[in-house]
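Sequences listed follow chains A and B, in order.
All residue numbers for the first sequence refer to the numbering used here, where the first residue is 1 and numbers rise by one.
All residue numbers for the second sequence refer to the numbering used here, where the first residue is 1 and numbers rise by one.
By construction, the Cβ of each residue, glycine as well, lies at the ideal position given by its N, Cα and C atoms.
Data block below; observations after.
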Amino acid sequence: MREQQYYLGIDVGSVSTNLVLIDDSEQIVDKIYLRTEGQPINALRNGLKDMASRVGEGIKIKGVGTTGSGRQLASVIVGADCVKNEITAHAVAAQKLIPDVRTILEIGGQDSKIIILRNGVVYDFAMNTVCAAGTGSFLDRQASRLSIPISEFGQYALRAKSTVRIAGRCAVFAESDMIHKQQTGHSLEDIINGLCEALVRNYLNNLAKGKDIQDVVVFQGGVAANVGIVAAFERALNKKIVIPKYFDVMGAYGAALLAREKMQKEGGNTNFYGFNITENEYKAKSIECQGCSNSCEVIEILSNNSVLARWGDKCGKWSEQISHAVNV
Amino acid sequence: MKVTFPHLGNLYVPIKAMLDDLGTDYVVPPFSNKSALELGTKYAPELACLPLKITIGNFIQAYEKGADTIIMVGGCGPCRFGYYYEMQREILHDIGYKMDMIALDIPWGNYKEKVAGIRKLAEGVKKLAGGWNINKILKAAVNTTIISKRMDELESLSFKVRPREKKRGTTNEIMKEFRNKVFSTKGSAGIKKLIEYTEKKLLEVEIDNNYKPLRVGIVGEIYTTIDTGTSLNIQERLGDMGVEVCRPVTISGWIIEHIIKGGLHLPRDLRFAEAAKPYLGAMIGGHAQETIGNSVLFAKDGYDGIIQIYPLTCMPEIVAESILPSIERDYGIPVLTLIIDEMTGEAGYLTRVEAFLDLLEKRRESKAIEGTTVLSGN
């Protein structure tokens, strides 16, 4: 019997770092959802360590894909075969689980996206540009301010009895408005529900403006766990919202699928360094190049005192010095 | 007198040639960078658009290198840019930089206003040229225009070569060499030769003739689309990713169409206005009508996608942005809008561009499979 082959997908985001292991038939074998806590390298190492202890270090990894805002960093540390932006990764993952999806709503830690698909192709997308008011880290902050575990935040919204309108345009103003409503005696449930509605309103008015939202609508990203937001979306769109089974690790799943596609198409061996990279020390350093008036911020990743990668320079003066250059 | 001027993409080349020819002493400010923006952001009103901030930064950096006089264009154009030289003069004065401002303003308005405008313009030119040598001035003006035109041609040639080059980085090397050499080349004759030399080198780059790059049209506000430092080098980056770009709004276009033909009331090239008509029938300021018209022209020309770039709070482009979805729908061409200000995070910006290119690539594949433009919304 042929040895089972696996593909690893890694999504290093602002709030969470996710790992997904799929087998050759694209089924998810293992998934890990970790908080990044501002230390992506640590999160990555812990994630890999956990995964190795669960599935065994000896399994055969055929390819690795990375995505998310920390995709370059992750690709250098683990040795990735495919580095993709999170929009493409999310779209690929959603299409795999729900083939007739036409709209993807995705709300992550610090960004939110809407992806429109037609005939199985990404047709249009938008990603929040100016403000992070409607995203996971804001909800996180509010939950901890109110001393409610984030996992129960949505339940509170569902128990609301009356509507409270919260200004959702800006995170700072939303927070002042919530405090104001709190001080005037509104119940916590009503306020939380008001906040969910404000976020959904903000999302639909900014991101989804002018976009034709058609069934099937899929909602993914960490915030999809919040039943209050889901309910608010269903009310605002008057549509059924589908939450995929692996909603919280869709980016990583997409990265794994993309890595599999690439390796199958191009063949060759994976760049993966193996699970034992967790024993190495990694440091990131940033330098401002003084070579010209561009003053590029160059990021340097060091492992055991040798330079693994550099990026961020426009001219290639720094990144071209080492073999493992990352194209940004 | 030591003059300086704001950066705007390759504008420093024709201006440098002109000042060399006129024999005027000058300082070229450092290329627009983060510290220019930081300086500008510190002194300009927060809601002013990005070009004002960066140009103020340019002037301060030039002042530190000894400049005492600024050449700036103005104009009663229907966008706040026309008033920037006044703003800059006041701001620099307030923060204690003693610099003179020579504003080259296009004479506008009724007969009386026009005469006053021409007189003011003439005074500026006289000061710059150090006297009334009409022959010298006219020659310099003609050469500046020619060099500007040749520069834009060189740039658009690089847009075509870069995505097709066999060895990545060849085009960038050649353009870098040009940048280094142009500073040690004096006068329009020498610079013309340097442009020719660079053009020849670009044409000799080994290219992959079978490669069919994605074609993306760049539209939007003139400053943020032309100035590479401001647009985060989008044109070069797209080229490095194997995408051919085209940007119809150019400096020489602005000089020839707007200043020369506009000033002399000659018929202008208005293809964009014709194309924009079903969506935006009037000039509403800035380059909004160009944005709309050129987008339609790109769509008709079979381009794969359009990227609109503008500085935050740019009113004309905000209007254009709200019209673009109709063009997207009518022609089935995807549009990505990028808004730039001092808060722009480079990483997030590149994520969007990367995803946009994935989208264009997939769309092209699916069109090829299905044989027809199934995605067009018609």
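Cβ distance (whole Å) where residue i is taken to contact residue j below 8 Å
{"i": "A/Tyr-156", "j": "A/Ile-192", "result": "4 Å"}
{"i": "A/Ser-16", "j": "A/Leu-34", "result": "6 Å"}
{"i": "A/Leu-308", "j": "A/Ile-299", "result": "In fact, because the Cβ distance is near 11 Å, the residues do not count as touching under 8 Å."}
{"i": "A/Gln-110", "j": "A/Thr-135", "result": "5 Å"}
{"i": "B/Gly-57", "j": "B/Gly-74", "result": "19 Å between Cβ atoms; not a contact."}
{"i": "A/Ile-61", "j": "A/Tyr-6", "result": "5 Å"}
{"i": "B/Pro-30", "j": "B/Gln-61", "result": "5 Å"}
{"i": "B/Val-335", "j": "B/Ile-284", "result": "Between B/Ile-284 and B/Val-335 the Cβ distance is about 19 Å, and since that is not below 8 Å, they are no contact."}
{"i": "B/Thr-145", "j": "B/Ser-252", "result": "7 Å"}
Inter-residue spacing [alpha-carbon to alpha-carbon] between residue i and residue j
{"i": "B/Lys-300", "j": "B/Arg-352", "result": "25 Å"}
{"i": "B/Ile-191", "j": "B/Leu-22", "result": "15 Å"}
{"i": "B/Asp-20", "j": "B/Ile-259", "result": "22 Å"}
{"i": "A/Lys-265", "j": "A/Leu-258", "result": "11 Å"}
{"i": "B/Glu-123", "j": "B/Leu-357", "result": "50 Å"}
{"i": "A/Asp-50", "j": "B/Gly-348", "result": "30 Å"}
{"i": "B/Glu-38", "j": "A/Leu-207", "result": "29 Å"}
{"i": "B/Val-13", "j": "B/Cys-49", "result": "25 Å"}
{"i": "B/Pro-45", "j": "A/Leu-8", "result": "49 Å"}
{"i": "A/Trp-318", "j": "A/Trp-311", "result": "7 Å"}
{"i": "B/Gly-281", "j": "B/His-93", "result": "41 Å"}
{"i": "A/Gly-47", "j": "B/Thr-170", "result": "41 Å"}
{"i": "A/His-324", "j": "B/Gly-82", "result": "Confidence at A/His-324 is low in this model, with a pLDDT of 47, below 50, so the placement of that residue should be treated as unreliable; the coordinate-derived value is given next. Approximately 48 Å between the Cα atoms of the pair."}
{"i": "B/Arg-237", "j": "B/Val-245", "result": "10 Å"}
{"i": "B/Pro-311", "j": "A/Gly-274", "result": "45 Å"}
{"i": "B/Asn-10", "j": "B/Met-151", "result": "7 Å"}
{"i": "A/Gln-4", "j": "A/Val-242", "result": "32 Å"}
{"i": "B/Tyr-63", "j": "A/Asn-304", "result": "46 Å"}
{"i": "B/Lys-261", "j": "B/Leu-104", "result": "16 Å"}
{"i": "B/Gly-332", "j": "A/Leu-195", "result": "37 Å"}
{"i": "B/Tyr-26", "j": "B/Thr-4", "result": "6 Å"}
{"i": "A/Glu-288", "j": "B/Glu-274", "result": "48 Å"}
{"i": "A/Leu-112", "j": "A/Asn-128", "result": "A small correction: the amino acid at residue 112 of chain A is Ser; Leu does not occupy that position in the sequence shown. In a straight line, the C-alpha of A/Ser-112 is about 6 Å away from that of A/Asn-128."}
{"i": "B/Ile-118", "j": "B/Val-125", "result": "10 Å"}
{"i": "B/Lys-362", "j": "A/Ile-98", "result": "19 Å"}
Per DSSP, cross-strand counterpart(s) of residue i
{"i": "B/Met-72", "result": "B/Ala-103"}
{"i": "A/Asp-30", "result": "A/Leu-21"}
{"i": "A/Thr-66", "result": "A/Ile-10, A/Val-83"}
{"i": "B/Val-216", "result": "B/Val-245, B/Gly-305"}
{"i": "A/Ser-303", "result": "A/Tyr-282, A/Ser-306"}
{"i": "A/Arg-235", "result": "In the DSSP output, where bridge partners are listed per residue, A/Arg-235 has none listed."}
{"i": "A/Gly-113", "result": "Reading the sequence as shown, one finds Lys at residue 113 of chain A and not Gly. DSSP, once it has assigned bridges, lists A/Glu-106, A/Met-127 as partnering A/Lys-113."}
{"i": "A/Ser-16", "result": "A/Arg-35"}
Nearest to residue i (by Cα), restricted to the options the options
{"i": "A/Val-29", "options": "A/Leu-302, A/Ala-252, A/Cys-296", "result": "A/Ala-252"}
{"i": "A/Leu-73", "options": "A/Asn-305, A/Gly-291, A/Gln-290, A/Ala-284", "result": "A/Ala-284"}
{"i": "B/Lys-114", "options": "B/Arg-329, B/Leu-264, B/Thr-145", "result": "B/Leu-264"}
{"i": "A/Met-250", "options": "A/Asn-280, A/Thr-66, A/Arg-165", "result": "A/Thr-66"}
{"i": "A/Gln-95", "options": "A/Val-216, A/Phe-275, A/Ser-286", "result": "A/Val-216"}
{"i": "A/Ser-293", "options": "B/Lys-127, B/Val-28, B/Leu-350", "result": "B/Val-28"}
{"i": "B/Ser-366", "options": "A/Asp-100, A/Tyr-246, A/Gly-120", "result": "A/Gly-120"}
{"i": "B/Ile-207", "options": "B/Tyr-310, B/Lys-167, B/Met-101", "result": "B/Lys-167"}
{"i": "B/Lys-200", "options": "B/Thr-185, B/Ser-188, B/Glu-153", "result": "B/Glu-153"}
{"i": "A/Lys-161", "options": "A/Asn-269, A/Glu-297, A/Asn-305, A/Ser-187", "result": "A/Ser-187"}
{"i": "A/Ala-126", "options": "A/Ala-224, A/Met-178, A/His-90, A/Ile-150", "result": "A/His-90"}
{"i": "B/Lys-160", "options": "B/Lys-212, B/Lys-136, B/Phe-178, B/Val-182", "result": "B/Lys-212"}
{"i": "A/Asn-202", "options": "A/Ile-213, A/Cys-82, A/Phe-219, A/Ala-171", "result": "A/Ala-171"}
{"i": "A/Ile-32", "options": "A/Phe-247, A/Asp-313, A/Cys-315, A/Glu-288", "result": "A/Phe-247"}
{"i": "B/Glu-221", "options": "B/Ile-15, B/Ile-307, B/Lys-65", "result": "B/Ile-307"}
{"i": "B/Ser-35", "options": "A/Cys-315, A/Glu-297, A/Val-101", "result": "A/Glu-297"}
Cβ-Cβ distance between residue i and residue j below 7 Å
{"i": "A/Ala-80", "j": "A/Val-64", "result": "yes"}
{"i": "B/Val-296", "j": "B/Ile-327", "result": "yes"}
{"i": "B/Phe-298", "j": "B/Gly-217", "result": "yes"}
{"i": "A/Leu-146", "j": "A/Val-227", "result": "no"}
{"i": "B/Val-243", "j": "B/Leu-202", "result": "no"}
{"i": "A/Asp-24", "j": "A/Asn-18", "result": "no"}
{"i": "B/Phe-59", "j": "B/Ile-70", "result": "yes"}
{"i": "B/Leu-8", "j": "B/Thr-313", "result": "no"}
{"i": "B/Arg-162", "j": "B/Gly-239", "result": "yes"}
{"i": "A/Val-164", "j": "A/Asp-140", "result": "no"}
{"i": "A/Gly-221", "j": "A/Gly-108", "result": "yes"}
{"i": "A/Ala-236", "j": "A/Val-200", "result": "yes"}
{"i": "B/Met-18", "j": "B/Ala-140", "result": "yes"}
{"i": "B/Ile-309", "j": "B/Ser-231", "result": "yes"}
Check: residue i C-beta below 6 Å from any heavy atom of the ligand SAM
{"i": "B/Lys-126", "result": "Ligands in the displayed structure: none, and consequently the ligand SAM is not present."}
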